[in-house]
Structure formats: structure tokens, C-alpha cells
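Taking it in order: structure first as C-alpha cells, then the write-up.
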Amino acid sequence: MQSFLLTEMENKLNELKADHLQQIKRAQTLQELDDIFLKLFGKNGQITLVPKDFPSLPKEELKTIAPLFNQVKNNLEQAIKEQRSAVREKSYQKLNEEALDIQPVALQQRSGFIHPVIKIENEIIELFEKLGFFRFEAPQIDSDQYNFELLNIPAGHPARDLWDTLYIDSQKYGINPGQLLLRTHTSNAQVRVMEKVKPPFRAMIIDRCFRYENIDPRHEHTLEQFEVVLVEKGLSMANLQYLSEYFLKNIFGQDIKVRMRPKYYPFVEPGVGVDGECIFCYGKGCKICGEGWLELAGAGMIHPKVLKNGGINPQEFSGIAWGFGPERMAMLKYGLADIRIFNSGNLTELEKIK
Ligand code: PHE
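In our numbering, each residue's number is its place in the sequence shown (first place is 1) plus 487.
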């Protein structure tokens, strides 16, 4: 007859095994398996505590209980180990399936497109290359000299207020304060191109400019400008009107009417604002244009002083300068109300107008 204690221990071990093998098989996460492991094999775990009663058993009964104990212990350990691998395998598989699900969508969203402003600029470049214009570049960080002074805008002149300027803290580079700035317009290229290229020439500048602006739907601190600098013999306002029409008709369609209005810029004489007939109301007058016309560009005959500053004899040559904002064009062309979209990096919005 075996002892009561042995029977009790045998039953307990068999129960522990049956119960926990089931729990282990059902476990879905590593956390659940860790909990079961602790419950069984932790410091006060149910398996850990079993041998505590061994000394109370007769010696020969020890020979019966020890192998059973080892077998149950091994079975449970093995089952936990196997279930751990199964759970890991399952989660890898799930990740794999998710990755497969996501991939086509991600690829679709990542297809690149040309920024709408760059697209319009490329069109403009092509248009003016056809008329023999070459591209010219001037620095974005430039001196007061090229941005203002040589353009007939002396220091302290009220015309400086036309451009809200961002100055660079230049003293630490040994340059007097106020002498180094972020160019406010591409007109800083006018005298530079005259210095580099012998007239006659047809240059165009498309590049970034900066203003100290409070940004709102119509104003940006970082903006693009397109400028034409044309120096030849015998140019007149008629050439300017022709260029404006050539340009606007090609961008907005042959029906658009173009007009010039007198406007003051210190580096041109006469100076004009170039307006296009509103493409929304066709000149009737609406919320966007007011009176039926949209101001699109500033232009004029290059001032004799500016030609002289560029080393060109104003008696011999005359010049046309003409500049406008490609963002403004893009807003009109794509019917956008807010200029800030362009620099926003908001692909969802930009993609709508690509
Ligand atoms: N540079 C002027 C501006 O930024 C535009 C302009 C260019 C006007 C060329 C006349 C001639 O406002």
C-alpha cells in the first residue's frame, strides 16, 4: 500500500500537468506564457514547491515520485518553449502579411511629381528660350550695392520701403551692418548681367527671393521671381508690350488682353505695371480682381543710370526689364486662394494641383 501523501502528490502533479498544458496551448502572447512560467517555476511556483514535501516520503516512494516529478516538469517546460516559438512565428507572419498589404498603397502615394511652381517656370523658360533668352543667375545673399544702390535706390530713399528687407547680421564677417541682405528681387541680377555679358543680350532670371513679410494668403517671405533683362539698340515700350502679350497669351490662352499702367520703380523710366484681363470674370470685375484687371508684373525701360552702372552707354543701347511672381501665376492658373501652399510641403494639397 502506498502512502496517502504519495497519492496526493501524484494526483497534484498530474493535475498541474493537465491544467497547464491546456493553458499553455491557449496562450496567444509571450506575456501570457511568461506569467504561466512564473506561476509554475518562479520562486514560489507550484512546481518549484513540490520537492519541499519529498523528505516526508519513505525512501522507496521517492523512487516513484522523482521520475514523475521530472517528467511533469520537463513536459511543462518543453510546452512553454514550443508555444513561445509558435507565438513568435505567428506575429512574424502577421507582420509579413501587413507589410504585403501596405506596400502597394505606399508605393502609390510615393510617386513623385513636379512642384506646380517649377512646372510653370519650366514652361516660361521654354517660352523665352524660343525668343533667344539665356538663363542668368545672381546670388540669393547679396550686397546692398546690387540689390538697391546700383539700381538707383540710394540708402535712405523712401523707395526702399517698397521692399521689406531681411538683412544679414554681417558684422561678424567683417562687413558693415546693413550691407549684406537676402535679395528682395531678381533685379539684383540687372547690373551683374551687364557687367558679365556684352550687349546686345537677352537674359532671364528665375529664382528665389526673400521679403520681411507677415505671411498671409497673398504674401510669402520666400518667393520666386521671373525677370527679363533685355539690352539692345532701339528698344521701346512697344517691345515691352509685345513681350507681355507673348508671355501671358502663351500661359493663359490667346484671348487674354494685356495693358500697361504707369508705375514707379526707381530702376526703370518709364515704369509700368503690367495687367492681364481677369481670367475669372473676363474684365467684368469680380471678387478676385476688383475692376476687371489683375496686376501681374512690374516692368519698364531700364533707367539710363542703371545702364551706366553696368558699364553700358545709354546713348547707344536701351534696355527692358520686366519681372513677376511665378507663384502668382500658378495661383491664377490653378485657381488657388493661398500662396502658402507652395512652400508648405503639404503633399496632399500640392498633389491636387499637380
Ligand atoms: N523688382 C521689382 C519688384 O520686385 C519688379 C520689377 C522688375 C519692376 C523689373 C520693374 C522692372 O517689385
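Just so it is clear, CB atoms sit at the ideal spot from N, CA and C, and this is done for glycine as well.
8 Å contact criterion, which residue i and residue j should meet: CB distance rounded
i      : j      : result
Gln677 : Asp631 : So it is not a contact: roughly 15 Å between Cβ atoms.
Tyr699 : Leu653 : 5 Å
Ile826 : Pro664 : About 31 Å; that fails the 8 Å criterion.
Phe556 : Pro538 : 7 Å
Gly810 : Ser674 : 6 Å
Asn634 : Thr671 : 6 Å
Check whether residue i and residue j have beta carbons under 8 Å apart
i      : j      : result
Leu492 : Ile534 : no
Val761 : Ser723 : no
Gly770 : Gly779 : yes
Arg679 : Leu717 : no
Lys453 : Ile738 : Beyond the ends of the chain as shown, which are 488 and 841, falls residue 453; an answer cannot be given.
Met681 : Phe623 : no
Tyr752 : Gly785 : yes
Glu837 : Pro603 : Reading off the sequence, residue 837 comes out as Leu, not Glu. In contact: Leu837 and Pro603 (Cβ atoms closer than 8 Å).
Gly787 : Glu756 : yes
Ile628 : Ile655 : yes
Nearest-angstrom Cα separation, counted from residue j out to residue i
i      : j      : result
Arg748 : Tyr660 : 43 Å
Lys736 : Leu669 : 32 Å
Ile612 : Met816 : 14 Å
Gln741 : Tyr729 : 13 Å
Lys720 : Ser831 : 44 Å
Leu520 : Ala514 : 6 Å
Ala808 : Glu585 : 58 Å
Ser543 : Ala553 : 13 Å
Ile601 : Pro813 : 15 Å
Ala573 : Ala566 : 10 Å
Leu783 : Met818 : 11 Å
Phe713 : Leu638 : 17 Å
Gln658 : Glu711 : 28 Å
Leu549 : Lys577 : 42 Å
Leu508 : Ser490 : 27 Å
Pro641 : Lys839 : 44 Å
Thr494 : Arg575 : 39 Å
Phe620 : Leu582 : 56 Å
Cys696 : Thr516 : 58 Å
Gln802 : Asn726 : 18 Å
Gln558 : Met488 : 23 Å
Asn531 : Arg571 : 22 Å
Lys683 : Lys617 : 22 Å
Residue i CB to nearest heavy atom of the ligand PHE below 7 Å
i      : result
Trp809 : yes
Gln712 : yes
Ser674 : yes
Tyr633 : no
Ala824 : no
Val755 : yes
Ile787 : The residue asked about is misnamed: residue 787 is Gly in this sequence, not Ile. Yes; taking the cut-off as 7 Å, the Cβ of Gly787 has a heavy atom of the ligand PHE nearer than that.
Tyr752 : yes
Gly758 : yes
For residue i, the residue or residues it bridges with in DSSP
i      : result
Leu804 : One point to set straight first is that residue 804 is Phe, not Leu, in the sequence displayed. Note: Phe804 sits in no beta bridge, so no partner.
Gln712 : Asp694
Asp703 : His706
Leu669 : Ile628
Glu782 : Asp762
Arg748 : Gly760
Gly787 : Gly758 and Ala808
Glu719 : Ser805
Tyr654 : Leu668
Arg689 : Leu717
Arg622 : Met691
Any C-beta of chain D under 8 Å from that of residue i
i      : result
Arg571 : You won't find chain D in this structure, because it holds only one protein chain.
Distance cut-off 7 Å: residue i Cβ against heavy atoms of the ligand GTP
i      : result
Ile840 : This structure lacks the ligand GTP; the ligands present are the ligand PHE.
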